[in-house]
Structure formats: C-alpha cells, structure tokens
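Asker:
Numbering (our numbering), first residue to last: 83 to 241.
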C-alpha cells in the first residue's frame, strides 16, 4: 500500500485519514479490521497491527478462523505462500494475552505475522496481524529495554 515504514505520524495519519484517529475498522476482503500504527521514539512508523473485534470461544473455530484465513488469502495473493505455517490453534492451547501465530512471511527487512490473540477477559479471541520493519522494531525494543534498565539502576541507587 501507500504506507511505508519510517514515515512520520502526520504522513501516516494523512494517508489513513480518520481510521487512525477514531479506531474505525476498514473492510479487507470479506471482513473488517482495525488498524493500529506504532511509532518509535523518533516518530517513525515501525509496525502496523490489524485486528478484528474480539469474539467468544464459541466463535473461535468459525468466525475467528474465517477472519484469520481471509488475511492469509489476501497476503498470499500479494506475496505468495508464507515462509512458515503452524496450523490453526485450538482454544485449549491458549493462555491469556497470548498470540498464536498461524503464518509468517519474511522478506528483506519486513515481517508479516497472522494469527489468533487471546484476550485477558478469558475465552475471547480475535484475528490479528503484525506487519513490521525488523531493524526499526528491534531498535525500538532495545531502546525500551535500555530505558527500563536505567530506571531500575536509579531506583536501586535510591533504595
């Protein structure tokens, strides 16, 4: 699409329009997904998360699975078969707040993951997709770890 990693928040917002501000969902294939961009400390886009509304465990094998399959079909049509496929999880394989990836595509510095996320309310699931730039994401994760380490060291000094 038009959105590229490294873009500023303002540029991404102008492309996405009100979807970014209001959390509205967008129709992709047969289903609606909400989009959540993530920006690093320098204000650069490093990840885009797509997800559906959460549904009860009764819908895991039907509705949630169909939404995961819809994403897989869209991505496979554009990029070819995934590099890794793990099969579809059942609800007994989940713990709260866990994501079970079903498919992963990797090219150059971009990774796309599609799967199912379990929510903290218990027995609620949603289709989820992460699209990210590996170097920018790793840099952001390392900055977060460095900040936490510095806060711990300061707290230890003042303890």
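Beta carbons: idealized from backbone N, C-alpha and C, even for Gly.
As the structure is a computational prediction, the values presented were derived from the model and not from experiment.
Compare the beta carbon distance of residue 214 and residue 142 with 7 Å and say whether it is the shorter of the two.
Answerer: Contact: no.
Asker: Check whether the segment 188-195 touches the segment 106-121, taking contact to mean three or more Cβ pairs, one atom from each stretch, closer than 8 Å.
Answerer: No, the segment 188-195 is not in contact with the segment 106-121.
Asker: Whole angstroms is fine: what's the gap from residue 199's alpha carbon to residue 233's?
Answerer: Residue 199 and residue 233: Cα-Cα distance of roughly 30 Å.
Asker: Using the three-state DSSP reduction, which class does residue 143 fall into: helix, strand or coil?
Answerer: Helix, per DSSP.
Asker: For the alpha helix (DSSP H) containing residue 98, name the first residue and the last one.
Answerer: Element bounds for residue 98: 91-98.
Asker: Take residue 145 and list the residues in its own chain whose beta-carbon comes closer than 6 Å to its own, dropping the five residues that flank it on each side.
Answerer: 137, listed in sequence order.
Asker: At 3 residues or longer, and completely inside the segment 178-233: list those beta strand (DSSP E) runs for me, N to C.
Answerer: If we require 3 residues or more, the beta strand (DSSP E) runs fully inside the segment 178-233 come out as 181-189, 192-200 and 206-215.
Asker: Taking buried to mean at least 16 other C-beta atoms within 10 Å of its own C-beta, is residue 164 buried or exposed?
Answerer: Flag for residue 164 reads buried.
Asker: With a CB to CB cut of under 6 Å and the five nearest residues on each side skipped, what residues in its chain are close to residue 89?
Answerer: Answer for residue 89: 127, listed in chain order.
Asker: In chain order, what residues of the same chain lie with their CB nearer than 7 Å to the CB of residue 87, ignoring the 5 residues before and after it?
Answerer: Closer than 7 Å at Cβ, skipping near neighbours: 127, 128, 215 and 218.
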